[in-house]
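Undergrad: When you read off a place in the sequence shown, starting at 1, and then add 2, the result is the number in the working numbering. Here a beta-carbon is modelled for each residue, glycine too, at the ideal position from N, C-alpha and C. Encoded as structure tokens, here's the structure I'll be asking about.
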Amino acid sequence: MRKNIVAGNWKMNTTVPEGVQLATEVNAALAGKKVNCDVVICVPFTHLTSVNQVINQNKLGLGAENCADHKSGAYTGEVSASMVASTGATYVILGHSERRQYYGETSETLKEKVALAFENNLTPIFCIGEVLEQRENGTYFDVVKSQIEEALFNLSAEDFGKVILAYEPVWAIGTGKTATDDQAEEMHAYIRNLIVEKYGKEVAENTSILYGGSCKPSNAKALFAKPNVDGGLIGGASLKCADFMGIVEAFD
Ligand code: PEP
């Protein structure tokens, strides 16, 4: 059966010492505690090696927030999937709406990134989601369908089965405006059905689909109670240990 997962996305926040402190706190909060989901933190590239030294990855997974769409070479400022893997990280967020919106990431580049993540044994946390205009003009199912088809449906069933999906309606990210649990469930059920049609029921039932967008301790329980919502990708609320743990503990 699929896993429940709560993953933090720190984005471009914290210095290295601050990040190490936050990771140390989350690691301590998880130590000796039985939680009912996998817990992951995705942190800036600069933090990966230091954070890896202060966490127990049996309890707290570590990921990057992006990786390059090339293996290596003359790509000044880029960080490759193999570099990420060499820090000890095992996850990578790909296709976050902020990357799509501000850095021009397309399905074509994302396809390359996914392939490189797999080559380096990184688990992609692959983000999809519509902007407000698409929600309002009713094209949101088609938008999400295209994002998944274009970047992921070239994968073998075996590889697709290793992807974690994160549905993040862009209008809910960092806005304080959460999708209702019914809106999240409607989209998650739609996504799962797309996977059934492409890869069959078994792969679909085993795929974790996270919700992201202003998820916090006060709304996590209702969201996670929905049958097709398998956890959350958490931005702002992952920057405070107590808030992040409050969301982890929503799986009781
Ligand atoms: C995110 O950016 O992945 C996210 C879900 O952000 P926030 O929780 O701050 O809305």
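Specify, as a first and last residue, the run of the beta strand (DSSP E) that L167 falls within.
TA: Translated into positions along the sequence shown, residue 167 becomes position 165. Here the beta strand (DSSP E) through L167 covers I166 to Y169.
Undergrad: By how many angstroms is the C-alpha of S74 removed from the C-alpha of A222?
TA: To locate residue 222, count along the sequence shown from 1; it is residue 220. To locate residue 74, count along the sequence shown from 1; it is residue 72. So the alpha carbons of these two residues sit roughly 39 Å apart.
Undergrad: Tell me whether N195 counts as near ligand 1, meaning its Cβ is closer than 7 Å to at least one heavy atom of that ligand.
TA: Taking the sequence shown and counting its residues from 1, one reaches residue 195 at position 193. Because no heavy atom of ligand 1 lies under 7 Å away, the Cβ of N195 does not count as near it: no.
Undergrad: Which of helix, strand or coil does DSSP assign to V8?
TA: In the sequence shown, counting from the first residue as 1, residue 8 sits at position 6. Note: V8 maps to strand in three-state DSSP.
Undergrad: If contacts are defined as beta-carbon pairs under 8 Å, then G238 and I249 qualify, I think. What distance do you get, rounded to the angstrom?
TA: For the purposes of this step, residue 238 is identified with residue 236 of the sequence shown, where counting begins at 1. For the purposes of this step, residue 249 is identified with residue 247 of the sequence shown, where counting begins at 1. Their Cβ separation, rounded to whole angstroms, is 11 Å, which puts G238 and I249 out of contact at 8 Å.
Undergrad: Looking only at its own chain, which residues have a Cβ that is under 8 Å from the Cβ of H98, when we skip the five neighbours before and after it?
TA: Numbered from its first residue, the sequence shown carries residue 98 at position 96. Excluding sequence neighbours, H98 sits near N11, E67, N68, C129 and E170.
Undergrad: Do E187 and V231 have their CB atoms nearer than 8 Å?
TA: As a first step, residue 187 is located in the sequence shown; it is residue number 185 there, counting from the start. As a first step, residue 231 is located in the sequence shown; it is residue number 229 there, counting from the start. Taking 8 Å as the Cβ cut-off, E187 and V231 qualify as a contacting pair.
Undergrad: Does the beta carbon of L235 fall short of 7 Å from some heavy atom of ligand 1?
TA: Your numbering for residue 235 matches position 233 in the sequence shown. True, at least one ligand heavy atom lies under 7 Å from that Cβ.
Undergrad: Using 7 Å as the cut-off, classify the Cβ of I175 as near or not near the heavy atoms of ligand 2, replying yes or no.
TA: As presented, the structure is devoid of ligand 2, carrying ligand 1 as its sole ligands.
Undergrad: Helix or strand or just coil, what does DSSP make of Y1?
TA: Residue 1 falls outside the range modelled here, since the chain spans only 3 to 254, and no answer is possible.
Undergrad: Within a Cβ cutoff of 8 Å, which residues of the same chain sit near N123, ignoring the five residues on either side of it in sequence?
TA: Counting from one through the sequence shown, the residue named residue 123 turns up at place 121. The answer, listed in chain order, is A87 and T92.
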